[in-house]
Every structure is written in structure tokens, then in C-alpha cells.
Amino acid sequence: MKSVKITEENINLFIDKIDADVAENISRDPVRGIALCDDGYGKLHGVIIWELTAPGRDRYFVSKILWLWFDGQKNGRKLLGEYAKEIAGKRIKESIYEFPLSDESKKDLLEEAEFGIIQEESPGLTVTLGELAELKALSGKEIPGYITGIDSIMVEQFRQGIEKCTSGDKKGFMKDLNDIPMFWFEPQVSSCLHIDGIVKGFLLVHRRPSGVLVIDYLNVEETKVKEDILSLMQYSLNAALKKYGRENSVLLYRHSSELFSFVGKLLPHRKADTVYMAKRKI
113 MKSVKITEEN INLFIDKIDA DVAENISRDP VRGIALCDDG YGKLHGVIIW
163 ELTAPGRDRY FVSKILWLWF DGQKNGRKLL GEYAKEIAGK RIKESIYEFP
213 LSDESKKDLL EEAEFGIIQE ESPGLTVTLG ELAELKALSG KEIPGYITGI
263 DSIMVEQFRQ GIEKCTSGDK KGFMKDLNDI PMFWFEPQVS SCLHIDGIVK
313 GFLLVHRRPS GVLVIDYLNV EETKVKEDIL SLMQYSLNAA LKKYGRENSV
363 LLYRHSSELF SFVGKLLPHR KADTVYMAKR KI
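Heads up: the sequence shown begins at 113 in this note's numbering, then just goes up one per residue.
Written out as C-alpha cells, the structure reads:
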């Protein structure tokens, strides 16, 4: 049995055991994966995929496990051992993993691997476009002319805008935002704040293979931050409703206390599922 690094070139060999929404990320630089299989790409016994995220201005990283599958506790232990080797000595201060309460086999394995596990509300809240359309804060207001879809700007303007908005390590949750191509984002649904030929803000939306829309980035470099953010959200919501309809799902990933608070004010009565959150200091 051996461990094999998962790449764009070989991921199809393991794709049956990987969620499509996770698998598409293997092309991104901060995302890594390992498959545990018999010699010569034989029978598959385990898969783990993780992403290095950069919280705030911290020079250290967090390794967020995106996918974990194994066909028995013994192979699960070996898989986690290979994962520990891969992340060792790479300025990673913590490993985290969110998984359903129904998955007791993972809970047992991770506790054995010295992860601390608690139950808490998931950072990811899934709603529908129709639910967002009912919010007063996102409807009925005139959208300023400087808010437009990213399909109206050039690639060079997009790149310059990303550099401006992420200066000083303000990258948000995506460590590789500056390297992600413009076509990763929905061109008509993603929006920007565009004044005098200069892009000063973005709401960037990605559509996963499952059809779920995800807000990958939201930030503005203007004085009217709250008003402009709501205008960006209203523009993108209107465009998404027109293109995908009210039943399409949207994932609001609240990766910071500020976002938890912001989403809580928009949707005070909506709660995400309770999940297991596993964490281990490195």
C-alpha cells in the first residue's frame, strides 16, 4: 500500500470517492490531496484533501480538511499519518475539519489522532436565492451606476482591482485569490464597484459543479462601505435570480466573527446545521 499525491492529472483515478464540489479545487495552489491505494494505483483505501487558508494577517496557516474518506479505521489511521507528514514544518499552526454528527467513525478516528472535537453551528449557512430576495436590505433600493457585473470590465482591470482590494493581506479566506483566474467567477452574477475606470470593490461568486453559488470574496475600498456592500449584494442577487431562479442554493460561508454577525443581522432567524468541529494544534 502506498500514498499518492492527488493532482489535476490523476484525480480522475480517485474521483468516485471525492465530492465533485471538492474535486474541482485540486487545481488551486493551496489545495493538496493524498490517496491511499494498493501499489500501481490499485484498490483505493482512503482519500484526504485539504486547503491552506490564511486567517487575517497571521504569517501562519490553517490546514482545513475539505474531504476525508477511508475504508476502515486501520487505513484511516495510516491516511492521517501520511497527512501529518505532508503538513509538518510548513508554518501550519492548526488543522481543522467539519463533518456531520452522523459520522461516528470519523469522530473516533480523529479523537484517536488527538483532535479536540466539539459540536457547534456550521460556519456554512445554505439559503435559497428566494430567501435572500425577501430581505428588505437587499431589495427596493436604486443601485448606483458604478456597481456593475464583472463581465463589463477587462481582465487587466479585474487583476488591478484584486491587487488593490487585497493589499495589506486583506485576502479574506482565500489564500490564492490573487492567482485565481477571472473565469472562475460567474461573470454576470459577480459584481464590482467601478469608478473612473478603477475597480474599488468586489462581490465574487463561484458556481460549484453541484449548482450551489458561493460568495468567495466581498470587500470594498470606499468610505461608504456598508451602503456599497449592500448595493453589490443587491446587484448580484438580482442577476442570480434572473439567471438561476429562486430555488437555487447559496452558501454563505461565515469564516470570521464579523461575517457571523453580518449574516446574523441579515437572517436573524436562520441557523446552520450543528456539526462536529475537529481541531488539532500543530
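We put the beta carbon where it would ideally sit given N, CA and C, even for glycine.
From the options, residue whose alpha carbon lies closest to that of residue i
i, options, result
"Lys336", "Asp131, Ala352, Arg271 and Tyr258", "Tyr258"
"Arg382", "Glu370, Lys248 and Glu243", "Glu243"
"Ile177", "Ile123, Ala200, Arg144 and Ala352", "Arg144"
"Phe295", "Thr278, Gly313, Leu305 and Arg320", "Arg320"
"Ser251", "Ser234, Lys354 and Met345", "Met345"
"Gly261", "His306, Ser217 and Asn187", "His306"
"Leu222", "Arg189, Lys197, Arg203 and Glu206", "Arg189"
"Glu298", "Lys287, Tyr329 and Thr278", "Tyr329"
"Val357", "Gly158, Val326, Thr240 and Gln185", "Before going further, note that residue 357 is Gly rather than Val in the sequence given. When each option's Cα is compared against that of Gly357, the closest is Thr240."
"Asp141", "Arg271, Ala225, Ile118 and Asp308", "Ile118"
"Glu71", "Gly309, Ser279, Leu379 and Lys355", "As displayed, the chain neither begins before 113 nor continues past 394, which places residue 71 out of reach and without an answer."
"Lys114", "Leu342, His157, Ala132 and Leu125", "His157"
"Val174", "Ile208, Cys149, Pro256 and Gly193", "Ile208"
"Arg271", "Leu247, Ala245 and Ile310", "Ile310"
"Ile204", "Phe182, Pro235, Tyr172 and Lys219", "Tyr172"
"Ser368", "Trp162, Leu353, Ser361 and Ala166", "Ala166"
"Asp133", "Met389, Ser373, Glu359 and Gly323", "Gly323"
"Leu325", "Ile341, Leu342 and Val301", "Val301"
"Lys338", "Ala351, Glu370, Arg392 and Glu233", "Glu370"
"Leu148", "Ser348, Phe182, Lys377 and Ile229", "Phe182"
"Lys287", "Glu163, Leu125 and Ser373", "Glu163"
"Gly193", "Glu210, Glu226, Glu216 and Asp215", "Glu226"
Residue i (DSSP reduced to helix, strand or coil)
i, result
"Gln300", "coil"
"Phe270", "helix"
"Lys338", "helix"
"Ile265", "coil"
"Ile146", "strand"
"Glu275", "helix"
"Ile292", "coil"
"Ile255", "coil"
Other residues of its chain near residue i: CB distance less than 7 Å, five sequence neighbours each side excluded
i, result
"Leu237", "Leu364, Arg366, Val375, Arg382 and Ala384"
"Ile127", "Ala135"
"Ile341", "Leu330 and Val332"
"Phe395", "Since the first and last residues shown for the chain are 113 and 394, residue 395 lies out of range."
Same chain, Cβ closer than 6 Å to residue i, neighbours up to 5 away in sequence not counted
i, result
"Ile160", "Ile146, Leu180, Leu191 and Tyr195"
Cutoff 8 Å; reference residue i; Cβ partners in own chain excluding five residues on either side
i, result
"Ile123", "Ile130, Ala135, Ile138 and Gly145"
"Ile265", "Gly273, Cys304, His306 and Val311"
"Gln231", "Leu213, Thr386, Val387, Tyr388 and Met389"
Limits of the alpha helix (DSSP H) - the one that residue i falls within
i, result
"Val362", "From DSSP, Val362 is part of no alpha helix (DSSP H) but of the beta strand (DSSP E) over Ser361 to Tyr365."
"Asp328", "Taken as a continuous stretch (DSSP letters only), Asp328 belongs to no alpha helix (DSSP H), being part of the beta strand (DSSP E) at Leu325 to Val332."
"Ala245", "Leu241 to Ala245"
"Lys393", "Per DSSP, Lys393 belongs to no alpha helix (DSSP H); it is in the beta strand (DSSP E), Thr386 to Lys393."
"Gly376", "Ser369 to Leu378"
N-terminal and C-terminal residue of the beta strand (DSSP E) that residue i is part of
i, result
"Gly313", "Ile310 to Arg319"
"Ser115", "Lys114 to Lys117"
"Ala135", "Taken as a continuous stretch (DSSP letters only), Ala135 belongs to no beta strand (DSSP E), being part of the alpha helix (DSSP H) at Ala132 to Ala135."
"Leu250", "Where Leu250 is concerned, there is no enclosing beta strand (DSSP E), given that its DSSP letter is neither H nor E."
Within-7 Å CB hit, residue i to chain C
i, result
"Glu254", "Judged by its chain identifiers, the structure shown contains no chain C, having just a single protein chain."
Residue i: CB within 6 Å of a non-hydrogen atom of the ligand ADP
i, result
"Glu232", "No copy of the ligand ADP appears in this structure; indeed no ligand is present at all."
Legend entry - Secondary structure, beta strand (DSSP E): runs of 3+ residues fully inside the region 161-231: 173-182 and 204-211
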